[in-house]
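Reviewing the structure listed below.
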Amino acid sequence: MRLSEFFLPTLKEVPSDAQIISHRLMLRAGMIRQSSAGIYSWLPLGLRVLRKVEKIVREEQDAVGAQEVLMPTIQPADLWKESGRYDDYGAEMLRIKDRHKRELLYGPTNEEQITEIVRAHVRSYKDLPKLLYHIQWKFRDEVRPRFGVMRGREFLMKDTYSFDNSYEEARISYNKMFVAYLRTFARMGLQAIPMVADTGPIGGDLSHEFIILADTGESEVYCHKDLLGFDVMSEEVTDDQSLQLIVDRWTSLYAATDEKHDLSEAEKHGESLLNARGIEVGHIFYFGTKYSEAMKATVSGPQGETIFPEMGSYGIGVSRLVGGLIEAFHDDDGIVWPDAVAPFHIGILNLKSGDSACDQACINLYRSLQTNGIEVLYDDRTERVGAKFADMDLIGVPWQVIIGPRSLKNGVVELKKRATGEREEIALDAVLERFIN
RNA sequence: CGGAGCGUGGCGCAGUCUGGUAGCGCACUUGACUGGGGGUCAAGUGGUCGUAGGUUCAAAUCCUAUCGCUCCGACCA
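First residue of the first sequence: 2, per the numbering used here; consecutive thereafter.
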């Protein structure tokens, strides 16, 4: 992408509405614009990141055998009356009427919808287990939206639903999601810690929140500091037993959110207990037959008996993660994207647009990187160099190739790593090869 | 939902108390000079002062209503 053509409205000054760093940076970097309270438009740069996050989430879901579906944003109220949640959910649920005065709602979550689908099409215990997920926009009419996309009213969520024949099987589904979540966040460079959590209005008796630590986090959390050193990517899952071992390992140390914090239990850990603020990026629940019973979703068992499937639901706030990532990865100059979610991998800075040697060197490199499938943002604008550096740093492109007439005379360019600010001189000819590997 | 505050060009703000030509910085346009970390000079474009009603010779400014947004608290991916 050429920056001169890219729709990237960056801001030098921050809109006064934005209070926390991720919100400020998302506005300044031209990622989002607010539409109304807690509702945002995603501009090209922000959307690229959102898609990358979404892709990682999807890949890890697929990897454990979850199958993607896409359920609607608008749901009939009847479904929610069946489960009993139409009244329970309260004002947070956006209720609407269509032209025939039929009651509808903008889905805040999809337990009812998925249960309806499963009960209509799954008849036998042999059809289970099933893990189904979708990535869809949700709406929750928060009393007080804030922190940009971190607590929006409209947000993109991945929600998975598990259906199993027994508690034992349901635990396996739960474990699969548990580990898939650890991997999902780890791939984005985030250390997410599973913490014992409240089940809230979704109900159930087994639940973990996945929390990333950040000073601006909304919840107060407590955990054993050794958890921060755990690495899920080195763990290998071969069967249900090894899956259980990983879950056991991660749940062996104390970790709880404020609501579930147990003072006497925590005191045993003394010095090793960490008290910090955290951002909830995922939440998994096992809730048994709550919905299958309420909505009469059943399958036939081996003896022809009626089985109410054991269910769980598993959410990742995809749009929130974009904000969470920025909270975790930024410095004074702007965003510092981890490679896995960076909107572009390389930025090219033409320090003298209009100089034929510079232009030629830049365009050649730009094209060859593109040809090799590397996402590259070429700043070909006739801006002052300071503005180019500032913009490239602000939007957080991990690698910057700096091409100017001075060094180009020797066939050399500068390569700057955004995260550390380190620069090295490198032959122009060597840049492509460097990034293909 | 309780408490507080703010709506003036794309962004950041002054002007409101004490009514009288709508202003500043950034951004944007044009030209020139420039060019290794948000440049300099010159000339420009852009505003129903959130909306509606009222008071007044006269309203961004006073009054009333209303809408929107933000912050603090209680709730949540």
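The beta-carbon is built from N, C-alpha and C at its ideal position, and this holds for glycine as well. If you're wondering where the values come from, they're calculated on a predicted model, not measured in any experiment.
#1: From D227, N411, D160, V54, pick the residue whose C-alpha is nearest to that of E113; which is it?
#2: By the DSSP assignment, the beta strand (DSSP E) with Y107 in it spans what residues?
#3: If you follow the beta strand (DSSP E) that A67 is in, where does it begin and where does it stop?
#4: By DSSP, does L352 sit in helix, in strand, or in coil?
#5: Contact check, D381 vs R419 under 8 Å by CB: the rounded distance?
#6: Pick out the complete beta strand (DSSP E) segments inside the region 21-86, 3 residues or longer, and give them in chain order.
#7: Rank P310, L326, H284 by C-alpha distance to the C-alpha of A181 and give the top, closest one.
#8: Which partner residues does I136 have in the DSSP bridge list?
#9: Cβ atoms of Y223 and A257: under 8 Å apart, would you say?
#10: How is the alpha helix (DSSP H) around A358 delimited, first residue to last?
#11: Among the candidates V238, I247, R278, E236, whose CA atom is the shortest distance from the CA of D216?
#12: Round the Cβ separation of L429 and C359 to the nearest angstrom and send it over; I've been treating them as touching at under 8 Å.
#13: Looking at V233: is its Cβ nearer than 8 Å to the Cβ of A187?
#14: Whose C-beta lies closer than 8 Å to the C-beta of F148 among residues of the same chain, with five residues either side of it excluded?
#15: Count the other C-beta atoms from every protein chain shown that fall within 10 angstroms of the C-beta of R141, then say buried if there are 16 or more, exposed otherwise.
#16: Are the region 24-44 and the region 88-106 in contact at 8 Å, needing three or more beta carbon pairs?
#17: Per DSSP, which residues does P195 bridge with? Please list them.
#18: Out of E272, L229, D259, state which residue places its alpha-carbon closest to the alpha-carbon of T252.
#19: Quick one: Cα of W138 to Cα of Y315, how far?
#20: Less than 6 Å between C-beta atoms, sequence neighbours within five positions excluded: which residues of the same chain meet that for R120?
#21: DSSP three-state label for V398, please.
#22: Which residues mark the beginning and the end of the alpha helix (DSSP H) in which K1 is found?
#23: Rank S235, T185, E236 by C-alpha distance to the C-alpha of I212 and give the top, closest one.
#24: Can you tell which of P303, R368, I349 has the C-alpha that lies nearest to the C-alpha of Q401?
#25: If you count every other CB in all the chains shown that lies within 10 Å of the CB of V144, and 16 or more means buried, which is it?
#26: With DSSP as the reference, identify every bridge partner of I97, one or two as the case may be.
Quick look at the numbers:
#1: Residue numbering aside, residue 113 sits at position 112 when the first sequence is read from its first letter. Of the candidates D227, N411, D160, V54, the one whose C-alpha sits nearest the C-alpha of E113 is D160.
#2: Working through the first sequence from its first residue, we reach residue 107 at position 106. Taken as a continuous stretch (DSSP letters only), the beta strand (DSSP E) holding Y107 covers 104-107.
#3: For the purposes of this step, residue 67 is taken as residue 66 along the first sequence, with counting starting at 1. That residue, A67, is in no beta strand (DSSP E); it is neither H nor E in DSSP.
#4: Taking the first sequence and counting its residues from 1, the one referred to as residue 352 is at position 351. DSSP places L352 in coil when its eight states are reduced to three.
#5: For the purposes of this step, residue 381 is identified with residue 380 of the first sequence, where counting begins at 1. For the purposes of this step, residue 419 is identified with residue 418 of the first sequence, where counting begins at 1. Incorrect: roughly 19 Å between the Cβ atoms, too far for contact.
#6: 33-37, 40-43, 75-77
#7: Stepping through the first sequence from its first residue, residue 181 is reached at position 180. Taking only the C-alpha atoms, the option nearest A181 is H284.
#8: Taking the first residue of the first sequence as 1, we reach residue 136 at position 135. For I136, which the question treats as bridged, DSSP gives the partners K159.
#9: In the first sequence, the residue the question calls residue 257 occupies position 256. In the first sequence, the residue the question calls residue 223 occupies position 222. Judged by beta-carbon spacing, Y223 lies within the 8 Å limit of A257, meaning their Cβ atoms are closer than that value.
#10: For the purposes of this step, residue 358 is identified with residue 357 of the first sequence, where counting begins at 1. Its alpha helix (DSSP H) spans residues 357-372.
#11: Working through the first sequence from its first residue, we reach residue 216 at position 215. Cα-wise, what sits closest to D216 is R278.
#12: Translated into positions along the first sequence, residue 429 becomes position 428. Translated into positions along the first sequence, residue 359 becomes position 358. At roughly 11 Å, the Cβ-Cβ gap does not stay under 8 Å, so L429 and C359 are not in contact.
#13: As a position in the first sequence, residue 233 is number 232, starting the count at 1. As a position in the first sequence, residue 187 is number 186, starting the count at 1. Result yes, Cβ atoms of V233 and A187 sit closer than 8 Å.
#14: Along the first sequence, read from residue 1 onward, the residue named residue 148 stands at position 147. Hits under 8 Å: Q20, I21, S23, H24, T217, E219, G324.
#15: What you label residue 141 is simply residue 140 of the first sequence in a count that begins at 1. Burial is judged here by how many other beta carbons sit within 10 angstroms of a residue's own beta carbon; R141 has at least 16 and is buried.
#16: no
#17: Within the first sequence, residue 195 is the residue found at index 194, counting from 1. BP columns for P195 point to F211.
#18: Within the first sequence, numbered from 1, the residue matching residue 252 stands at position 251. The candidate whose alpha carbon is nearest that of T252 is L229.
#19: Along the first sequence, read from residue 1 onward, the residue named residue 138 stands at position 137. Along the first sequence, read from residue 1 onward, the residue named residue 315 stands at position 314. The straight-line gap from Cα to Cα measures roughly 15 Å.
#20: Within the first sequence, numbered from 1, the residue matching residue 120 stands at position 119. Around R120, the same chain offers A298 as residues with beta carbons nearer than 6 Å, after the five sequence neighbours per side are excluded.
#21: In the first sequence, counting from the first residue as 1, residue 398 sits at position 397. DSSP places V398 in coil when its eight states are reduced to three.
#22: Nothing can be reported for residue 1, as the shown portion of the chain is limited to 2 through 438.
#23: As a position in the first sequence, residue 212 is number 211, starting the count at 1. Among S235, T185, E236, the Cα nearest to that of I212 is on T185.
#24: Here residue 401 corresponds to residue number 400 of the first sequence, with the count starting at 1. The shortest Cα separation from Q401 among P303, R368, I349 belongs to I349.
#25: By one-based count along the first sequence, residue 144 stands at place 143. It is exposed - the Cβ of V144 has fewer than 16 other Cβ atoms within 10 Å.
#26: Looking up residue 97 in the first sequence gives position 96. Beta-bridge pairing links I97 to L105.
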